[in-house]
Amino acid sequence: MAVKIRLARRGRKKLAIFDIVVADARAPRDGRFIEKIGTYNPNTNPASINLNDDKALQWVLNGAQPTDTARAILSYKGVLLKKHLQVGVNKGAISQETADTKFNEWKNVKDSKISGKADSLLSKKEAEKAARLADEAKVNAARAEAIAKKNAVVEEAPATEEASQEVAEESAE
């Protein structure tokens, strides 16, 4: 029995959320599975991935073959690196402490990149909001100025009409 780590689609139309599952290769995409090991939400920026790393590593070490997308997710979360290091430990090429140190260094760098991207997206969003508010303030100021000019012209118009009536009365006398 060939076992695959793959995505099972759920969610509504055009707003999919995926479960990361371990399933028999012969089972349909959204059908029967052996175990659910996580979720993947591509609708957020950056994409949200919740994965049980220990279960995923166990399945990969036991021979489960990830699909292309599942392989990318496992690589992103560090499961494939952990497998690579564990195989080195099993062969005796490196010690367990060295493997753990390398993985923790990689994980810290990866987490800082992810948080940096999230921070940059947040600051960009705030800057765009500030720019929109400034533009709106300019438009409001222009409208207020236009209304003030219109009111000033309307006030001057009756005064000129009264003056023209006085001039007309004087000329009539």
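In terms of my numbering, the sequence shown has 1400 at position 57, counting the first letter as 1, and numbering is strictly consecutive. For glycine and all other residues, C-beta sits at the position ideal for the given N, C-alpha and C.
Can you tell me which of the options puts its alpha carbon nearest to the alpha carbon of residue i?
i: A1399; options: S1391, A1495 and G1421; result: G1421
i: T1412; options: V1452, W1402, D1454 and Y1383; result: Y1383
i: N1405; options: R1486, A1495 and M1344; result: M1344
i: E1378; options: P1371, V1365 and L1394; result: V1365
i: W1449; options: D1478, G1431 and L1424; result: L1424
i: I1380; options: D1396, K1492, A1442 and R1352; result: D1396
i: Q1408; options: L1394, L1350 and K1481; result: L1350
i: V1346; options: K1467, L1358 and P1371; result: P1371
i: L1417; options: V1430, L1394, K1434 and Q1429; result: L1394
Determine which residues share a DSSP beta bridge with residue i and list them.
i: A1368; result: Per DSSP, none; premise fails for A1368.
i: E1378; result: V1365
i: Y1419; result: According to DSSP, Y1419 bridges with nothing at all.
i: R1349; result: V1364
i: Q1408; result: K1347
i: G1354; result: A1359
i: S1391; result: N1384
Could you give the distance in angstroms between the alpha-carbon of residue i and the alpha-carbon of residue j?
i: Y1419; j: R1486; result: 52 Å
i: G1354; j: I1360; result: 5 Å
i: R1375; j: W1402; result: 17 Å
i: K1460; j: A1390; result: 11 Å
i: I1348; j: H1427; result: 17 Å
i: K1492; j: A1480; result: 18 Å
i: K1357; j: I1392; result: 19 Å
i: L1464; j: R1414; result: 26 Å
i: A1442; j: S1458; result: 24 Å
i: V1432; j: S1466; result: 42 Å
Does residue i pass the burial test, meaning 16 or more other C-beta atoms within 10 Å, or should it be called exposed?
i: D1490; result: The question names Asp, yet the displayed sequence has Ile at residue 1490. I1490 is exposed by the Cβ-count criterion.
i: A1368; result: exposed
i: L1476; result: exposed
i: I1517; result: Within the shown structure, residues of the chain are numbered from 1344 to 1516, placing residue 1517 beyond reach of any answer.
Tell me whether residue i counts as near the ligand PLP, meaning its Cβ is closer than 7 Å to at least one heavy atom of that ligand.
i: A1480; result: No copy of the ligand PLP occurs in the structure displayed, which carries no ligand at all.
Task: Start-end ranges of the alpha helix (DSSP H) lying completely within the segment 1440-1495, minimum 4 residues - done: none
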